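Data first, discussion second: the structure below is written as structure tokens.
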Amino acid sequence: MRHYPLWKTLSLIVVTLIGAFYALPNLYGEQPAVQITTVSGDSLPSDFGDQVARTLKQDQLPYDSSRLENGQWLVRVDETGTQLKIADALKRAFAAENQAARYTVALNLAPRTPGWLRALGGRPMALGLDLRGGVHFLLQVDLDDAQRNALKRYLNDVPTLLRKKDLHYRGRRLAGDQVLLSFGNPQTRAAARAAIAGDYPELALSEASDADGAPQLSLKLSSTEIKRIDDNAVEQNLITLRNRVNQLGVAEPLVQRQGTDRIVVELPGVQDTTRVKELLGATATLEYRAVDTDGNPQLAASTGDVPPDDELFYTRQGHQPVLLKREAIAAGSEIVNVAPGFDQNGQPSVNVRLDAAAGQRMLHFTERNVGKPMAVLYKETQVVTNYNARGEPIRERKKIEDVINVATIQGVFGSQFQTTGVTNKEAHDLALLLKSGALAAPIDIVEERTVGPSLGADNIRQGTLAVIVAFGLVIGFMALYYRVFGLFADFALLLNLVLIVGSLSIVHATLTMPGIAGIVLTLGMAVDANVLINERIREELRGGKTPLAAMDAGYERAFLTIADSNVTTLIAAIVLFALGSGPVKGFAVTLSLGILTSMFTAIVGTRTLAHYIFRGRKLKDLPV
Amino acid sequence: MRFLSRPPNIDWVGQRKRALALSIVVSLACLTLLFTRGLNLGIDFTGGVLVEVSYPVPAQLDTVRQELKAAGYEEATVQFFGSASDVLIRLPAPKSEAVGSAGEKQQSSAISARVLQALGARDKGITLRRVDFVGPAVGAELKQKGTLALLAAFFGIFLYIMFRFEWKFSLGSIAALTHDAIMTLGYLSLVREEFDLTVLAGVLAMLGYSNNESIVLFDRVRENLLNLRKRSVEEIVNLSINQTLMRSVVTHFTVLLVLLALHYLGGKSVHGFSVAMMVGVIVATYSSIYISSGVAILLHVKREDLLPPKLEEIDHLP
Chain A
448 MRHYPLWKTL SLIVVTLIGA FYALPNLYGE QPAVQITTVS GDSLPSDFGD
498 QVARTLKQDQ LPYDSSRLEN GQWLVRVDET GTQLKIADAL KRAFAAENQA
548 ARYTVALNLA PRTPGWLRAL GGRPMALGLD LRGGVHFLLQ VDLDDAQRNA
598 LKRYLNDVPT LLRKKDLHYR GRRLAGDQVL LSFGNPQTRA AARAAIAGDY
648 PELALSEASD ADGAPQLSLK LSSTEIKRID DNAVEQNLIT LRNRVNQLGV
698 AEPLVQRQGT DRIVVELPGV QDTTRVKELL GATATLEYRA VDTDGNPQLA
748 ASTGDVPPDD ELFYTRQGHQ PVLLKREAIA AGSEIVNVAP GFDQNGQPSV
798 NVRLDAAAGQ RMLHFTERNV GKPMAVLYKE TQVVTNYNAR GEPIRERKKI
848 EDVINVATIQ GVFGSQFQTT GVTNKEAHDL ALLLKSGALA APIDIVEERT
898 VGPSLGADNI RQGTLAVIVA FGLVIGFMAL YYRVFGLFAD FALLLNLVLI
948 VGSLSIVHAT LTMPGIAGIV LTLGMAVDAN VLINERIREE LRGGKTPLAA
998 MDAGYERAFL TIADSNVTTL IAAIVLFALG SGPVKGFAVT LSLGILTSMF
1048 TAIVGTRTLA HYIFRGRKLK DLPV
Chain B
3 MRFLSRPPNI DWVGQRKRAL ALSIVVSLAC LTLLFTRGLN LGIDFTGGVL
53 VEVSYPVPAQ LDTVRQELKA AGYEEATVQF FGSASDVLIR LPAPKSEAVG
103 SAGEKQQSSA ISARVLQALG ARDKGITLRR VDFVGPAVGA ELKQKGTLAL
153 LAAFFGIFLY IMFRFEWKFS LGSIAALTHD AIMTLGYLSL VREEFDLTVL
203 AGVLAMLGYS NNESIVLFDR VRENLLNLRK RSVEEIVNLS INQTLMRSVV
253 THFTVLLVLL ALHYLGGKSV HGFSVAMMVG VIVATYSSIY ISSGVAILLH
303 VKREDLLPPK LEEIDHLP
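Each protein sequence line maps, in turn, to chains A and B.
Take the first sequence: its letters are residues 448 to 1071, numbered as in the numbering used here.
Take the second sequence: its letters are residues 3 to 320, numbered as in the numbering used here.
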């Protein structure tokens, strides 16, 4: 046998140690925990631990540990019963100190990874939703709507500019994806065009003429502007959705952009999707408006004749017409903080705080109008997708505008006040929505997958069993069929399993059920390299080579074949990864990683073993 | 343990015409099946709603159907899923998908809730195992992406073999791949196995794996062509098949072992995947022997085609 390079032995040892080290966290399992974070994402106050400890001591609730871990406070417990009690106790304690809106208390499973492992970056693989249960949403952002809204702004802004410059236009309207302005003569149009081009370089301008032959100017969004609007809308929606998700109290949520106009939301452990969907998609907001006490709402409703400064709405309860002033005293965007609460009669309420400007307005208004009614208008936009005869989706926006309450102004107030007349749930939801901000563009759920906890647990159990049995079958067969060289292959396979788990943990890849299938498949395919080598050694032995020469030749000649045959599987895995949908991506990841690690273990691993075991022996035959 | 002490001496190449004829007949049958009956596409590709529920006791499908019908879901298909207490309910894509406030009857989440209600879930202790909703647009998109993925895999493998060997082998292996894909899809169509994203993953992995076979064989053909200069190409291909036969058998055996473990123990979510892979592995053995090398011979592969400049590197590798 020729000299065997030392670096191979060393690299095998180093890789084995690193792989085993990072695979280790997966052996410790998980324990129930209560996770507390601030809603705002700020760090927790320094005395937070004492506060938690006081609460837990007061209620005599046992816990394992209570400390800050990765920016969130974790209270680890032994069983789920205590977990629920602790979460309740903490929520109550926060509410008692009026801090309920400040913290998110969520149930979670915390890995039992010991501190010294964690300090070195060791952490277990993440489990996909199909293994731990939860819900996955794919949301489509309605970018057409965002563009239309942007255009609508120009429909108002551009004429303002023209008026300022004393350029007279005769008409303006929105037609599809353009704003059309008509002018009395081409000279005005030319001047207007120059003015608009100067102030709004993001618009693409072109000249046309309307049906009567009057000169027209068409304003379109330029393609870069459209892209900017789209990006803004998606980014804004991402932020809003993240805020909303954070307030749901879900541990480890994922909100991520996918492609140009889609957003993925994954909420582990969530079962009740109805409420989640309402909150994610809602665009609700509140407005405070004065009631027009002079008008006659009944008459306006029956004749459709609404006073010019008023708008007609209906109350949510009883569907009574109400005439409200067009101008809002305070709009949803001016609300700084809202919290659900109760009024002095024990009725659910929303406690509202306005910003300074709106507070001033409210103060002025209430000063002059004590004893008069003020209305709270609830506005919401829903997107409804209908399908036409050809099955093409048509998205329609449906506006819901309800007067949720008309209250008599009891006294003068400014930026802080209460609104009653809502249900308890509405108070909570409204508070949540108003705080998380509005969606920049409506969203539409195009895919939803919910996995119940029992199915997730079944998947883990069955997947693990399949891996163990598959592993046992293969190592049994290899040992039987190739004897000592079979044991080498078995060692390589074991190392391969450790390396796959280790590398999945290092990159913190998500393990899914197809991912487990990928591991099982890799176990079967990985021995192929050793089969090639061993068959080749047998052949060389038959060809009359000495045992050691046969071994050398076997490894050498099999190498290129092994590399070639693995590359094509790798190609398929990469294609799968690009196809990329959650669980299938997991399969592609484990398969590719498995191919790479198996090449290493089969070639370097078994070779090194064979070298040290057969070194210096006089062999008549090889145990292959 | 050694089953064969020396390479067998079977005349594979002599049978290649008969084998090709057989393959063509079976492929045509599979294609006919695929074009007439098609694949049993899952909601990943068609769009729709799928609800899996678990009963504490064995369920009566007829009762379930009646309960659903009474709730207005006439188009629901109901079947057992794995056991007599697990029931899978499929509904066509809802006509309208609303986001936002409650009360939208057609909302997918509302559907799952209403389905549970219709079944009397609370009283009977039925638990919800899973809900999948895929919008029609996403379904169509995944279908397109899936087809594209299949084509990309073919093309990538073709290019790689052309780069490592040459085009006649490349065509041979693509012929084998097409053969394997048609057979596997044909079988899935025959047994009405549901074709979802995971099964597609299985088919793609199977293609990558089935190609291993062709490559191992081609490698040996190349080696023999260069070393045994006196023999004809047919003889060399035949010898190579015989030499690599045991390796093929052993490798397929281990892969089948793990697939059987996955099939019987891995649960329902990987059922289709393991079926696709198993069929693929069996077909791949056959196609690597007859199709890939057969096509290369048909294309008159010559010794001169295979003088790769890379061969001398072998001595420096482990």
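In this text, a Cβ means the ideal position worked out from N, Cα and C, and glycines have one as well.
Treat the numbers as computed from the prediction; the structure is a model and nothing was measured.
Original post:
Thinking C-beta only, is V582(A) closer than 8 Å to E895(A)?
Top reply: In the first sequence, residue 895(A) corresponds to position 448, counting from 1. In the first sequence, residue 582(A) corresponds to position 135, counting from 1. Judged by beta-carbon spacing, V582(A) lies within the 8 Å limit of E895(A), meaning their Cβ atoms are closer than that value.
Original post:
How would you label H302(B), buried or exposed, when you count the other beta carbons within 10 angstroms and need 16 or more for buried?
Top reply: In the second sequence, counting from the first residue as 1, residue 302(B) sits at position 300. H302(B) should be labelled exposed.
Original post:
When the Cα atoms are used, what is the spatial distance from D221(B) to T1008(A)?
Top reply: For the purposes of this step, residue 221(B) is taken as the residue at position 219 of the second sequence. For the purposes of this step, residue 1008(A) is taken as the residue at position 561 of the first sequence. Approximately 6 Å, taken between the alpha carbons.
**OP:** Going by DSSP, name the residue or residues bridged to M821(A).
**Re:** Taking the first sequence and counting its residues from 1, one reaches residue 821(A) at position 374. Note: M821(A) sits in a beta bridge opposite A737(A) and A854(A).
**OP:** Return the Cβ separation of I963(A) and F1006(A) in integer angstroms, given the expectation that the two are a contact with Cβ distance under 8 Å.
**Re:** Counting from 1 along the first sequence, the entry for residue 963(A) is found at position 516. Counting from 1 along the first sequence, the entry for residue 1006(A) is found at position 559. Incorrect: roughly 30 Å between the Cβ atoms, too far for contact.
Subject >> Any chain B beta carbon closer than 8 Å to D1011(A) >> reply: Position 564 of the first sequence holds residue 1011(A). Yes, D1011(A) counts as interfacial toward chain B.
Original post:
Which chain A residues are close to I184(B), counting only those with a beta carbon under 9 Å from its beta carbon?
Top reply: Against the second sequence, residue 184(B) aligns to sequence position 182. What I184(B) touches in chain A: nothing, since even the nearest Cβ is about 17 Å away.
Subject >> Bridge-paired residues (DSSP) for A655(A) >> reply: In the first sequence, residue 655(A) corresponds to position 208, counting from 1. Q663(A).
Original post:
Cα-Cα, which of Q17(B), N42(B) and L22(B) is closest to G188(B)?
Top reply: Indexing the second sequence from 1 puts residue 188(B) at position 186. Of the candidates Q17(B), N42(B) and L22(B), the one whose C-alpha sits nearest the C-alpha of G188(B) is N42(B).
Original post:
Is L150(B) buried or exposed, if buried means 16 or more other CB atoms sit within 10 Å of its CB?
Top reply: Translated into the one-based positions of the second sequence, residue 150(B) becomes position 148. With fewer than 16 other Cβ atoms within 10 Å, it is exposed.
Original post:
Can you give the Cα-Cα distance for D802(A) and L144(B), rounded to whole angstroms?
Top reply: Taking the first sequence and counting its residues from 1, the one referred to as residue 802(A) is at position 355. Taking the second sequence and counting its residues from 1, the one referred to as residue 144(B) is at position 142. Just so you know, the alpha carbons of D802(A) and L144(B) end up roughly 47 Å apart.
Original post:
G49(B) and V136(B): beta carbons closer than 8 Å?
Top reply: As a first step, residue 49(B) is located in the second sequence; it is residue number 47 there, counting from the start. As a first step, residue 136(B) is located in the second sequence; it is residue number 134 there, counting from the start. Contact flag set, yes.
Subject >> Same chain, Cβ closer than 6 Å to V133(B), five either side skipped, listed in chain order >> reply: If you number the second sequence from 1, residue 133(B) lands on position 131. Counting only residues of its own chain and dropping the five nearest sequence neighbours on each side, V133(B) has a CB closer than 6 Å to the CB of V53 and S114.
Original post:
Does the segment 676 to 687 of chain A touch the segment 471 to 484 of chain A, meaning 3 or more C-beta pairs lie closer than 8 Å?
Top reply: With fewer than three CB-CB distances shorter than 8 Å, the segment 471 to 484 of chain A does not count as touching the segment 676 to 687 of chain A.
Original post:
If contact means a Cβ-Cβ distance below 8 Å, which residues of the segment 275 to 300 of chain B contact chain A?
Top reply: Cβ contacts with chain A: F275, S276 and M279.
**OP:** Flag N226(B) as yes if its beta-carbon sits less than 8 Å from any beta-carbon of chain A, otherwise no.
**Re:** Reading the second sequence from its first residue, position 224 is the one you call residue 226(B). Closer than 8 Å: no.
Original post:
So is F924(A) in contact with chain B if we call contact Cβ pairs under 8 Å?
Top reply: Sequence index remark: in the first sequence, residue 924(A) carries index 477 (1-based). With 8 Å as the cut-off, F924(A) counts as an interface residue toward chain B.
**OP:** Take every Cβ of the segment 75 to 82 of chain B, pair it with every Cβ of the segment 161 to 172 of chain B, and state whether three or more of those distances are shorter than 8 Å.
**Re:** Flag = no, the segment 75 to 82 of chain B and the segment 161 to 172 of chain B do not touch.
Original post:
W520(A) bridges to which residues according to DSSP?
Top reply: Along the first sequence, one-based indexing puts residue 520(A) at 73. Paired residue(s): I483(A) and L515(A).
Subject >> Buried versus exposed, by CB contacts within 10 Å (16 or more), H615(A) >> reply: As a working mapping, residue 615(A) is identified with position 168 in the first sequence. Per the 10 Å Cβ criterion, exposed.
Original post:
Would E544(A) be called buried (16 or more neighbouring beta carbons within 10 Å of its own) or exposed?
Top reply: Working through the first sequence from its first residue, we reach residue 544(A) at position 97. Burial call: exposed.
Original post:
Of all the residues that make up the segment 936 to 969 of chain A, which are near chain B by a beta-carbon distance shorter than 7 Å?
Top reply: So the list reads M960, P961, A964, V967 and L968, given in the order they occur along the chain.
Original post:
Looking at C-alpha atoms only, which residue of D849(A), G728(A), H955(A) and P755(A) is the closest neighbour of Q764(A)?
Top reply: Along the first sequence, read from residue 1 onward, the residue named residue 764(A) stands at position 317. Nearest C-alpha to Q764(A): D849(A).
**OP:** With 8 Å as the threshold, decide whether the Cβ of A263(B) is near any Cβ in chain A.
**Re:** If you number the second sequence from 1, residue 263(B) lands on position 261. Yes, contact with chain A.
Original post:
Does the separation of the CB atoms of V260(B) and L970(A) fall below 8 Å?
Top reply: Numbered from 1 along the second sequence, position 258 holds the residue referred to as residue 260(B). Numbered from 1 along the first sequence, position 523 holds the residue referred to as residue 970(A). Yes, the Cβ-Cβ distance between V260(B) and L970(A) is below 8 Å.
Original post:
With a Cβ-Cβ cutoff of 8 Å, do A178(B) and S212(B) count as a contact?
Top reply: For the purposes of this step, residue 178(B) is taken as residue 176 along the second sequence, with counting starting at 1. For the purposes of this step, residue 212(B) is taken as residue 210 along the second sequence, with counting starting at 1. Taking 8 Å as the Cβ cut-off, A178(B) and S212(B) qualify as a contacting pair.
Subject >> For H811(A) and G858(A), the rounded distance between their alpha carbons >> reply: For the purposes of this step, residue 858(A) is taken as residue 411 along the first sequence, with counting starting at 1. For the purposes of this step, residue 811(A) is taken as residue 364 along the first sequence, with counting starting at 1. Their Cα atoms are separated by approximately 12 Å.
Original post:
So A956(A) is in the beta strand (DSSP E); what residue range does that whole segment cover?
Top reply: One-based indexing of the first sequence puts residue 956(A) at position 509. Looking at the DSSP string, A956(A) is not in any beta strand (DSSP E), and its letter there is neither H nor E.
**OP:** Find out if the Cβ-Cβ distance for the pair N798(A), G788(A) is shorter than 8 Å.
**Re:** Counting from 1 along the first sequence, the entry for residue 798(A) is found at position 351. Counting from 1 along the first sequence, the entry for residue 788(A) is found at position 341. Taking 8 Å as the Cβ cut-off, N798(A) and G788(A) qualify as a contacting pair.
Original post:
From P558(A) to M572(A), what distance separates their C-alpha atoms?
Top reply: The residue you call residue 558(A) lines up with position 111 of the first sequence. The residue you call residue 572(A) lines up with position 125 of the first sequence. Distance between the alpha carbons of P558(A) and M572(A) is about 10 Å.
Original post:
Looking at the C-beta of K170(B), does it have a partner C-beta in chain A at a distance below 8 Å?
Top reply: For this step, residue 170(B) is matched to residue 168 along the second sequence. Judged by the 8 Å Cβ criterion, K170(B) is not in contact with chain A.
Original post:
Are any of the Cβ atoms in chain A nearer than 8 Å to that of I217(B)?
Top reply: Translated into positions along the second sequence, residue 217(B) becomes position 215. Output row for I217(B): interface = yes.
Original post:
In chain order, what residues of the same chain have a beta carbon less than 6 Å from the beta carbon of H1058(A), not counting five sequence neighbours either side?
Top reply: Taking the first sequence and counting its residues from 1, the one referred to as residue 1058(A) is at position 611. Take H1058(A), set aside five residues on each side of it, and the residues of its chain with a beta-carbon closer than 6 Å to its own are Y451, in chain order.
Original post:
When the distance is taken between beta carbons, is K826(A) closer than 8 Å to T732(A)?
Top reply: Position 285 of the first sequence, counted from the start, is the residue given in the question as residue 732(A). Position 379 of the first sequence, counted from the start, is the residue given in the question as residue 826(A). In this structure, T732(A) lies near K826(A), with their beta-carbon atoms less than 8 Å apart.
Original post:
Helix, strand or coil for R39(B) per DSSP?
Top reply: If you number the second sequence from 1, residue 39(B) lands on position 37. If DSSP states are grouped into helix, strand and coil, R39(B) belongs with coil.
Original post:
Cβ of H181(B) within 8 Å of Cβ of S290(B)?
Top reply: Position 179 of the second sequence holds residue 181(B). Position 288 of the second sequence holds residue 290(B). Result no, Cβ atoms of H181(B) and S290(B) do not sit closer than 8 Å.
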